[in-house]
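Student: Quick one: structure below, then a few questions.
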Amino acid sequence: MDRIPILKFGNALLVTIQVDMHDRLATALEEDLTSKIVAHNSRGVLIDISALEIVDSFIGRMLDNIAAVSRILDADTVVVGMRPAVAITLVELGLSLTGVKTALNVERGMALIHDRLAGSEADDADDQD
Amino acid sequence: MPTTKTDRVAIKISDDVVRVRQLTRALSVEVGLSLVDQTKIVTASSELARNTLDYGGGGEVTAEIVEQGGRRGVRLTFEDKGPGIADIEQALKDGFTSGKGMGLGLGGAKRLCNEFSIDSRPGEGTKVTIARWK
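As they're listed, the protein sequences go chains C and W. Read in order, the letters of the first sequence are residues 1186 to 1314 in the working numbering. Read in order, the letters of the second sequence are residues 6 to 139 in the working numbering.
See the structure below:
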C-alpha cells in the first residue's frame, strides 16, 4: 500500500501531503506519525497541506486526531499551507479544527515549533537552578 | 432542465471517493465555477460519496452539467440501495452520526451547495441530489 513519507528534521517530523488522499492513506499516515514521534523522540510535527485541493470532514478529523495524539505524546502539531478556498470551505462545512495549530507556511510553522521548544528548554534550565 | 453532459461513477471502494472528487472538479472547471465554489462542491461530493460508501453500502453517482435560464451548473445525484435514513431531519443536524464519522457530512454538504434534496426510504435506499450554479 502507498504511504505518505515522513521526514525527520531535527527535533521535528515533516510531512508534505502531495496526493489526493483516499481514506486508508489518511488512516495509515495517522498511525505512521504516532509511531515515528515515539521512535525519534520528536517534539513537533509539521504537516504541509499546500498541495491539498480540499479538506473534507475525514481529512479534517485525521488532522484533529494527529494533533490530539501527538499532544499526549508531548509533541506539537502545526498544519501549514492551507489554501484560502479550503479554509473558507472548511468553516462552512462546520469544521474549525480548534485542536490544531496552523501557520501560513512551513517557515512560520517551524518557527512556532522552535519557539515552543526554546520555551520548554528554558523551563528545564530554570528547574536546575 | 437541459443536460449537456452526463458521467456515471460507481462508488464501491474508498478509491472511488477520490475518483468522484476528481470528476466533480473536472466538471466544475468546465462550467467555469470560481475556485471557492469548485472547492465547495468538490468537498460536498467527497462527503456524499463517503456516505454512499459507508452508510449506503456502495452505490453510484451521476454527474451532470446542466443549464437553466442561461446559467450553467454542476449537478450530482448519489444513489444507493442501503438501509435508508429513517429520520432525515435528524440526519441533517450537525453532530448526528450513526457511524464513525463526525456527523458533518449531510448537513455540511447541504451548506456547501446551492441546491440540495434528499429522498430516502428505510429498507429501500437513499438518493441525494446537489447542485452548484455559476
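Ideal placement from N, C-alpha and C gives every residue a C-beta, glycine not left out. Small disclaimer: the values here were computed from a predicted structure and weren't measured.
Please classify C/Asp-1261: does DSSP put it in a helix, a strand, or coil?
Tutor: Within the first sequence, numbered from 1, the residue matching residue 1261 of chain C stands at position 76. The answer is strand: DSSP assigns C/Asp-1261 an E or B state.
Student: How many Å lie between C/Arg-1188 and W/Ala-15 at the Cα?
Tutor: Numbered from 1 along the first sequence, position 3 holds the residue referred to as residue 1188 of chain C. Numbered from 1 along the second sequence, position 10 holds the residue referred to as residue 15 of chain W. Straight-line measurement puts the Cα of W/Ala-15 at about 25 angstroms from the Cα of C/Arg-1188.
Student: For W/Arg-126, count neighbouring C-beta atoms within 10 Å of its own C-beta (all shown protein chains included) and say buried if the count is 16 or more, exposed if not.
Tutor: As a first step, residue 126 of chain W must be located in the second sequence, where it is residue number 121. Per the 10 Å Cβ criterion, exposed.
Student: Could you round the C-beta distance between C/Gly-1266 and C/Ile-1234 to whole angstroms and report it? I think they count as a contact, below 8 angstroms.
Tutor: Residue mapping note: residue 1266 of chain C aligns to position 81 of the first sequence, counting from 1. Residue mapping note: residue 1234 of chain C aligns to position 49 of the first sequence, counting from 1. Their Cβ separation, rounded to whole angstroms, is 6 angstroms, which keeps C/Gly-1266 and C/Ile-1234 in contact under 8 angstroms.
Student: Go to W/Thr-57, then tell me how far its beta strand (DSSP E) extends in each direction, as first and last residue.
Tutor: Mapped onto the second sequence, residue 57 of chain W falls at position 52. Per DSSP, W/Thr-57 belongs to no beta strand (DSSP E); it is in the alpha helix (DSSP H), 40-59.
Student: Do W/Asp-85 and W/Gly-62 have their C-beta atoms within less than 8 angstroms of each other?
Tutor: Numbered from its first residue, the second sequence carries residue 85 of chain W at position 80. Numbered from its first residue, the second sequence carries residue 62 of chain W at position 57. Yes, the Cβ-Cβ distance between W/Asp-85 and W/Gly-62 is below 8 angstroms.
Student: Name the two residues that bound the continuous alpha helix (DSSP H) containing C/Val-1223.
Tutor: Counting from 1 along the first sequence, the entry for residue 1223 of chain C is found at position 38. Run containing C/Val-1223: 1208-1225, per the alpha helix (DSSP H) assignment.
Student: Report yes if the CB atom of W/Leu-111 is closer than 8 angstroms to the CB atom of C/Thr-1274, and no otherwise.
Tutor: Indexing the second sequence from 1 puts residue 111 of chain W at position 106. Indexing the first sequence from 1 puts residue 1274 of chain C at position 89. Cβ distance not < 8 angstroms, so W/Leu-111 and C/Thr-1274 don't count as in contact.
Student: State yes or no: is the beta carbon of W/Thr-134 nearer than 8 angstroms to at least one beta carbon in chain C?
Tutor: Position 129 of the second sequence, counted from the start, is the residue given in the question as residue 134 of chain W. Cβ-Cβ to chain C under 8 angstroms: no for W/Thr-134.
Student: Listed from N- to C-terminal order along the chain, which residues in the region 1217-1228 of chain C have their beta-carbon within a distance smaller than 9 angstroms of any beta-carbon of chain W?
Tutor: Listed by position along the chain: nothing, the set is empty.
Student: Counting C-beta neighbours from all protein chains within 10 Å, is the total for C/Ile-1257 16 or more, i.e. buried, or is it exposed?
Tutor: As a working mapping, residue 1257 of chain C is identified with position 72 in the first sequence. Per the 10 Å Cβ criterion, exposed.
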